[in-house]
Amino acid sequence: MKEINNTAPVAEPTVVAEFPCSQTQLRCWILDQLKPGNPALNVAVRWEIRGAFRSSTLEAAFRTVIQRHEILRTRFVEVGGRPCQQVVDQVDFKMSVIDLRNVPAEQRDQRILSIGEETARAPFDLASPCLFRVSLLMVENERGFLLITAHQSCFDGWSIRVLGREVGEIAAALDAGRQPVVPDLPLQYGDFSLWQQEYLNSYGFETEKSFWREQLSGAPYFEVVPDTPRGPVKTSRGNILSVNNTGDFSERIDAAARAHRVSLYSFGAAVVSALLHRYTGQNTVMFGSQVAGRDETDLENLIGVFINNVVLRFDMAGDISFADHVRSASEKVTAALNHHRMPFNKLVELVNPVRDPSRNPLISVNFNLQKAFLEDHQYGGFELISAPSQSPGVIYDLSFIMIGRPSGWRMSIEYNADLFEKSTIESLLRLWQEAYEAALEHPSAPLSALTIPAREIKTQRVETGRATAIEQMLAAHPSVGSAVVLVEDDGKRVHAFVTPALTITEPLDRLPEHLMEYLGRQLSQSAMPGGISVLLNFPRDASGTVDRAALRIPAPPPALAKTVIGRIEPAGVPVPLPTARTDQTKALAAIWAEVLGVPTIAPDDNFFALGGHSLLALRMLSGARSKLGAKADLEQLFKQPTFAGFANALFGRTEPSGTELEGPSASPWNVTACGRTDAPYTLYTLNHPFLYYRLATDLGDAVSVYNANMFHADLTGHLASMSLEEIAGHAVDSMGADILKGPVGVMGLCVNGVLAVEIARQLRERGADLRFTAVIDAWAPGYVRSQPRLRRLRWNGERRLKRIGYFTRKLFSGRISFVDYLREFNFTLALLKRLGLRAGTYSQEEAVNADVTDLLINAARRYRPPTTNEKSVLLFRSEATHRRARKLLFGWGGAIAGDSEVFDLEGWHEDSLNSNSIQALATIVINRFRSHGES
Numbered sequence: 001m002k003e004i005n006n007t008a009p010v011a012e013p014t015v016v017a018e019f020p021c022s023q024t025q026l027r028c029w030i031l032d033q034l035k036p037g038n039p040a041l042n043v044a045v046r047w048e049i050r051g052a053f054r055s056s057t058l059e060a061a062f063r064t065v066i067q068r069h070e071i072l073r074t075r076f077v078e079v080g081g082r083p084c085q086q087v088v089d090q091v092d093f094k095m096s097v098i099d100l101r102n103v104p105a106e107q108r109d110q111r112i113l114s115i116g117e118e119t120a121r122a123p124f125d126l127a128s129p130c131l132f133r134v135s136l137l138m139v140e141n142e143r144g145f146l147l148i149t150a151h152q153s154c155f156d157g158w159s160i161r162v163l164g165r166e167v168g169e170i171a172a173a174l175d176a177g178r179q180p181v182v183p184d185l186p187l188q189y190g191d192f193s194l195w196q197q198e199y200l201n202s203y204g205f206e207t208e209k210s211f212w213r214e215q216l217s218g219a220p221y222f223e224v225v226p227d228t229p230r231g232p233v234k235t236s237r238g239n240i241l242s243v244n245n246t247g248d249f250s251e252r253i254d255a256a257a258r259a260h261r262v263s264l265y266s267f268g269a270a271v272v273s274a275l276l277h278r279y280t281g282q283n284t285v286m287f288g289s290q291v292a293g294r295d296e297t298d299l300e301n302l303i304g305v306f307i308n309n310v311v312l313r314f315d316m317a318g319d320i321s322f323a324d325h326v327r328s329a330s331e332k333v334t335a336a337l338n339h340h341r342m343p344f345n346k347l348v349e350l351v352n353p354v355r356d357p358s359r360n361p362l363i364s365v366n367f368n369l370q371k372a373f374l375e376d377h378q379y380g381g382f383e384l385i386s387a388p389s390q391s392p393g394v395i396y397d398l399s400f401i402m403i404g405r406p407s408g409w410r411m412s413i414e415y416n417a418d419l420f421e422k423s424t425i426e427s428l429l430r431l432w433q434e435a436y437e438a439a440l441e442h443p444s445a446p447l448s449a450l451t452i453p454a455r456e457i458k459t460q461r462v463e464t465g466r467a468t469a470i471e472q473m474l475a476a477h478p479s480v481g482s483a484v485v486l487v488e489d490d491g492k493r494v495h496a497f498v499t500p501a502l503t504i505t506e507p508l509d510r511l512p513e514h515l516m517e518y519l520g521r522q523l524s525q526s527a528m529p530g531g532i533s534v535l536l537n538f539p540r541d542a543s544g545t546v547d548r549a550a551l552r553i554p555a556p557p558p559a560l561a562k563t564v565i566g567r568i569e570p571a572g573v574p575v576p577l578p579t580a581r582t583d584q585t586k587a588l589a590a591i592w593a594e595v596l597g598v599p600t601i602a603p604d605d606n607f608f609a610l611g612g613h614s615l616l617a618l619r620m621l622s623g624a625r626s627k628l629g630a631k632a633d634l635e636q637l638f639k640q641p642t643f644a645g646f647a648n649a650l651f652g653r654t655e656p657s658g659t660e661l662e663g664p665s666a667s668p669w670n671v672t673a674c675g676r677t678d679a680p681y682t683l684y685t686l687n688h689p690f691l692y693y694r695l696a697t698d699l700g701d702a703v704s705v706y707n708a709n710m711f712h713a714d715l716t717g718h719l720a721s722m723s724l725e726e727i728a729g730h731a732v733d734s735m736g737a738d739i740l741k742g743p744v745g746v747m748g749l750c751v752n753g754v755l756a757v758e759i760a761r762q763l764r765e766r767g768a769d770l771r772f773t774a775v776i777d778a779w780a781p782g783y784v785r786s787q788p789r790l791r792r793l794r795w796n797g798e799r800r801l802k803r804i805g806y807f808t809r810k811l812f813s814g815r816i817s818f819v820d821y822l823r824e825f826n827f828t829l830a831l832l833k834r835l836g837l838r839a840g841t842y843s844q845e846e847a848v849n850a851d852v853t854d855l856l857i858n859a860a861r862r863y864r865p866p867t868t869n870e871k872s873v874l875l876f877r878s879e880a881t882h883r884r885a886r887k888l889l890f891g892w893g894g895a896i897a898g899d900s901e902v903f904d905l906e907g908w909h910e911d912s913l914n915s916n917s918i919q920a921l922a923t924i925v926i927n928r929f930r931s932h933g934e935s
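Structure (structure tokens):
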């Protein structure tokens with residue numbers, strides 16, 4: 001692969017306009033706050049290009065489009081706890097060109113797929129303008145593929161058509177030496193945002209609210225029961241399966257829609273709702289769909305995110321015919337589309353469903369039917385052709401997608417691969433085709449004629465008096481709608497499933513704990529179920545009876561870990577929430593009361609039950625950060641929506657730190673699990689525990705991430721005189737026997753990277769399967785000090801200037817406050833300590849980090865790594881380190897292999913572990929684990 005062009009750095013752009021966010025942009029912002037760089041928020045497009053074209057002309061055409069459409073020069077910043085969009089004057093857009101013409105033909109398709117997946121999933125930073133990128137893959141002299149990725153906050157499906165027409169016309173005009181014929185743009189996206197803000201205060205919006213309040217009143221949450229139990233939070237790892245319907249399928253569905261006097265979309269919605277009704281046994285089926293939202297002619301030629309979600313509800317009580325269902329479905333679709341201006345996040349505020357971090361609000365299943373957005377068209381000497389794109393990530397559990405092209409209709413199901421098995425989706429895709437055939441061939445037949453095979457029984461079920469008694473007790477609880485209990489292995493495994501009552505206000509993730517306490521007051525310990533799972537609906541067969549065979553007793557969840565000195569122990573009983581209020585919690589309660597408009601806040605008050613929603617949450621979090629200096633984020637609130645739970649998560653709970661270091665045999669290390677402890681691979685990170693939170697999140701279920709830190713150790717006395725080898729030995733001891741259970745990796749930043757190299761050496765000596773040692777911004781001990789004095793002065797001067805430039809750009813882009821900007825230059829930890837200027841200026845975490853860093857620096861100065869040509873080392877370079885480090889391999893010489901890889905990370909030093917490059921780092925980690933380790 002040969003890469004011809006790269007994106008070049010640009011000077012800080014000038015802001016020329018500022019607008020409020022549209023409601024869809026606001027929703028994207030909130031979702032990005034929950035999981036920064038979430039690839040599910042990307043829009044990936046692929047076009048094939050054939051004929052006589054030049055990459056320089058195509059790049060110039062894209063530049064012209066970016067200049068025409070302000071939304072492609074937009075970034076998002078937070079002002080007063082609320083995001084807004086800023087338009088900048090220009091961006092330095094570069095189109096990557098990747099030459100695959102010399103790749104063997106049998107390998108080329110796979111390379112196109114892998115590059116497409118990589119570009120589709122690469123994250124965006126919403127604070128950087130131009131949330132849009134393009135790559136041209138050259139496969140032949142007159143054939144290539146354009147891979148386009150944009151963020152949902154600035155792009156929708158209709159925008160694909162606008163972009164294709166403009167790029168094609170402008171490129172053709174440039175080649176022909178003429179002026180392009182493109183429509184004038186009297187409006188820009190910011191004008192739409194202002195109009196929408198006015199609309200939300202109008203009488204028309206009140207009418208919309210009345211319709212949707214009635215439409216969704218009492219509606220249950222609809223979902224297809226997954227193959228795998230849900231985790232505690234929603235994931236976005238997805239896959240897509242497709243089938244092409246060629247022949248006369250297109251003519252047949254057109255004729256059927258005309259015969260029923262409904263739109264093609266309404267006919268398709270009727271088929272999918274009938275399928276889901278029969279597949280789940282639910283009489284009320286709900287799924288989401290998207291509308292273009294471009295009612296005004298002046299909006300049709302704009303690039304931007306005008307799309308909006310609507311919720312379609314179908315009630316199918318009684319065994320009606322398909323023809324009757326089509327008529328009813330068409331009425332439902334028409335009514336919903338007539339009220340499509342209700343922004344989805346406002347609909348969530350209106351309905352105010354119970355928040356569940358593992359599910360989308362209101363919509364679990366989605367449906368879309370449309371013709372391909374890009375029309376295949378000849379522009380001058382080349383042709384642009386629509387091609388299937390790759391999924392960057394999923395938002396919904398299931399998405400039923402029909403795309404019409406000249407070659408026929410393509411039916412696809414995009415699914416969450418963490419919830420559903422491929423075989424299930426293959427079966428569902430086949431049933432969808434059969435449902436269409438039934439609707440086309442036998443429209444007068446009842447819906448029950450659509451035969452759905454029983455889902456594979458994966459659990460044995462034993463009805464016992466014990467199970468019935470538990471079901472009755474749970475059903476009597478006011479927070480429970482209904483209950484089912486399964487018994488397996490002759491009574492050795494008992495598990496309860498409940499659905500929440502419609503009136504429930506407590507968070508669903510706390511319900512199992514409360515119900516177990518409730519049962520514990522009535523049952524003996526031996527009669528208790530092993531656990532309780534919350535489902536929003538039970539799976540049902542075609543008769544409406546609960547399908548117990550589709551319920552699966554989940555595997556025992558991995559125990560969360562608590563920190564103890566020198567080892568890992570499973571967590572015990574949760575610590576009770578404090579009742580006494582500190583000044584911090586009083587101030588936080590005042591912020592809650594002000595934002596929610598209530599007089600007082602009680603410990604068990606639920607933010608969302610009091611009328612809170614995502615926008616109010618942003619205001620509350622902004623207040624907590626500005627008034628209390630608290631590191632608050634949306635994920636904490638969604639996991640702990642009660643005041644007491646959120647306060648504990650925010651401020652922490654005071655607990656004894658454990659045994660102090662008392663002698664040479666005591667360990668200075670704490671080892672803390674950052675999530676699950678039963679993954680096939682294990683990664684140990686060193687110190688800086690909060691820096692590795694995002695990495696642990698992005699690694700997901702594949703890797704158990706632990707943090708070994710010295711933050712509770714007595715750093716004086718015996719420890720201060722330890723060698724780096726001794727400190728590393730204690731770290732390996734604290735990891736215990738787990739180091740021999742499977743593949744292991746070690747990661748450290750700066751001086752902790754030096755420590756990681758020694759820990760890795762000792763792990764190998766003890767027989768561990770060490771796959772890699774990730775060393776971030778860590779020069780070999782003594783290398784820099786060994787350089788001539790003038791060279792060191794020049795290097796330090798370069799670093800200072802680069803640091804000033806980096807954080808100045810962050811300041812002017814709104815990513816850090818002015819106070820934080822000043823702190824970056826007044827807060828050089830080691831220097832301030834040596835000058836005695838540190839007192840009164842440090843947070844506890846910063847002070848401890850400085851002390852641990854100083855201890856390790858002193859030990860590293862005495863350390864001489866053995867010349868072993870260690871092959872496991874991966875070097876990482878952040879923006880804080882000069883490019884020369886790559887060539888010099890950070891001065892490690894013979895200590896590591898001469899061909900050791902060096903990877904670049906975005907961000908300054910520790911910022912690189914909280915930047916957009918974290919996902920690339922996670923990918924490298926997983927790939928290294930899955931490859932064979934060097935022995």
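Numbering (full-length UniProt numbering), first residue to last: 1 to 935. Just so you know, even glycine gets a beta-carbon here, dropped at the ideal spot from N, CA and C.
Span of the alpha helix (DSSP H) holding residue i?
i	result
residue 28	23-34
residue 120	105-121
residue 409	Note, residue 409: premise wrong, no alpha helix (DSSP H); beta strand (DSSP E) at 408-416.
residue 316	Premise fails: residue 316 is in no alpha helix (DSSP H) and is neither H nor E.
residue 528	From DSSP, residue 528 is part of no alpha helix (DSSP H); its letter is neither H nor E.
residue 733	724-735
Alpha carbons only, please: which of the options is nearest the one belonging to residue i?
i	options	result
residue 344	851, 108 and 212	212
residue 440	321, 366 and 154	321
residue 159	45, 114, 251 and 74	45
residue 237	281, 398 and 872	398
residue 602	382, 641 and 877	641
residue 533	905, 552, 724 and 326	552
residue 239	248, 765, 697 and 418	418
State the CB to CB distance for the pair residue i and residue j, rounded to an integer number of angstroms; the pair is presumed to be in contact (CB under 8 Å).
i	j	result
residue 222	residue 285	6 Å
residue 283	residue 315	7 Å
residue 958	residue 808	Absent from the structure is residue 958, since the part of the chain shown begins at 1 and ends at 935.
residue 483	residue 496	6 Å
residue 400	residue 413	6 Å
residue 62	residue 233	That belief does not hold up - the Cβ atoms of residue 62 and residue 233 are roughly 36 Å apart, past 8 Å.
I'd like to confirm something about residue i: is its beta-carbon nearer than 8 Å to some heavy atom of the ligand FMN, or not?
i	result
residue 60	The ligand FMN is not among the ligands present in this structure, which contains no ligands whatsoever.
Near residue i, what residues of its chain come up, given a Cβ to Cβ distance below 7 Å and the 5 sequence neighbours on each side ignored?
i	result
residue 730	667, 668 and 669
residue 278	447, 450, 452 and 542
For the beta strand (DSSP E) containing residue i, name the first residue and the last one.
i	result
residue 146	143-151
residue 748	744-749
residue 951	Missing from the structure shown is residue 951; the chain here goes from 1 to 935 and no further.
residue 228	Premise fails: residue 228 is in no beta strand (DSSP E) and is neither H nor E.
Can you name, in chain order, every residue of its own chain whose Cβ lies under 6 Å from the Cβ of residue i, other than the five neighbours on each side?
i	result
residue 703	679, 681 and 683
residue 443	322 and 323
residue 229	554
Inspect the beta-carbon positions of residue i and residue j and report whether they are closer than 9 Å.
i	j	result
residue 130	residue 74	yes
residue 709	residue 674	no
residue 289	residue 416	no
residue 922	residue 695	yes
Please list, in chain order, all residues of the same chain as residue i whose beta carbon is under 8 Å from its beta carbon, the five residues on each side excluded.
i	result
residue 467	485, 486, 487 and 494
residue 273	285, 287, 312, 314, 316, 325 and 329
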